[in-house]
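For reference, the structure discussed in these notes is given below.
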Amino acid sequence: MDPEFEDSQECSNELLKAFALFMELQQAGAKKMRSTKTLQTMVDKYDRFNGRNITKFLRAYKCEMELNRVPDSEMIESFELVVVPEIRNQVKVLTRVHAVLKDGFFDDDEDRVTKRSFLEWIEQQPGRNLTPNDLLREFEARFLQLSPMEKLTIDMRKTELFLLVADEVLENKLSLLLADSNAEDLRLSADKGDNRDTLIDELMKTMKELKVDIAELKRKQSPTRAPPRRDLPRLCI
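Residue 58 in the working numbering sits at position 63 of the sequence shown, with consecutive numbering throughout.
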């Protein structure tokens, strides 16, 4: 094997690891910021839940959380924060019961996300049909619905799987982007608390600008033209 190619592969792996760390930090910060902002909006609009009109309050709470794309699991865990102190312990008990019921009947839930259905969704490469922001949100939402054991088995490959969702072209673009000196500027921006969506838009804008160079690079590395990749059938999950 060509030594230059091996060095290129090793460099690519290191860059993808850097991207993994970058994504984890961005997602953690964005989740916390989004959830906190949504809870504050909920309290400002409707005050805290005092035990009355639970249906109306839950409808408003769910609407606000979904509008800001807060995951279901976090939506449930955070509910006690919008409850008056007098009944907060009671709400905590009910929340734990909800979690136990969900885990207890998980195997019989036809709409559950399993490791198999999650990987089948990845094979479809939905990144072709979604914007970068929507792709990140959908990937995270599906991952959070996995059982605790399945999350544990997949977590180490989470970034690698996301790159598969995005498709091979996007993976190459991300590698080149992280190798660019501008990647350091983006990481510094993230440390300052910039919005994740804005950062992802910047990433994708830079990726598009690299499209011509990537095509030329791939042409030089491939003496024979690879057969066109056939789209996988789309499955209903």
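Where a beta carbon is used, it is the ideal one built from N, C-alpha and C, also for glycine.
With a cutoff of 8 Å on beta-carbon distance, Glu69 and Thr36 are scored as not near each other.
Between Leu76 and Leu34 the beta-carbon gap is near 6 Å, inside 8 Å, which marks them as a contact. The DSSP-derived three-state label of Val65 is coil. Taking Asp67 as reference, the option from Leu139, Thr148, Glu145 with the minimal CA-CA separation is Leu139.
Gly46 is positioned such that its CB atom lies closer than 8 Å to that of Ile82. Beta-bridge annotation (DSSP): Val78 is paired with Phe44.
Gln140 sits in coil when the DSSP states are folded into three classes, being neither helix nor strand. In the DSSP annotation of this structure, the continuous segment of the alpha helix (DSSP H) that includes Arg111 starts and ends at 110 to 118. When secondary structure is reduced to three states using DSSP, Met60 falls in the helix class.
Counting the other CB atoms within 10 Å of its CB gives Val38 a total below 16, which places it among the exposed residues. Here DSSP, grouped into helix, strand and coil, assigns Met28 to helix. Between the beta-carbon of Phe157 and that of Arg137 there is about 11 Å, and that puts the pair past the 8 Å contact cut. Per the coordinates, the alpha-carbon of Val108 lies some 21 Å from the alpha-carbon of Arg91.
Excluding its 5 nearest sequence neighbours in each direction, Lys40 has C-beta neighbours in its own chain below 8 Å: Ala55, Glu59, listed in chain order. For the pair Asn63 and Arg29, the CB atoms are nearer than the 8 Å cut-off. Apart from sequence neighbours up to five positions away, the residues of its chain that approach Lys57 with a beta-carbon distance below 8 Å are Met70, ordered along the chain.
Within the same chain, Val108, Thr109, Lys110, Phe113, Ile149 come within 8 Å of Leu141 by CB-CB distance, once the 5 residues on both sides are set aside. Val86 is a Cβ neighbour of Phe74, given a cutoff of 8 Å. Cβ neighbours of Arg43 within its own chain (closer than 7 Å, five residues either side excluded): Val77, Val78, Val79. Leu159 sits close to Ile117, with the two beta carbons spaced by under 8 Å. For Met151, the three-state secondary structure derived from DSSP is coil. Around the C-beta of Leu53, fewer than 16 other C-beta atoms lie within 10 Å, and the residue is accordingly described as exposed. Within the model, the alpha-carbon separation for Met144 versus Arg152 is close to 14 Å.
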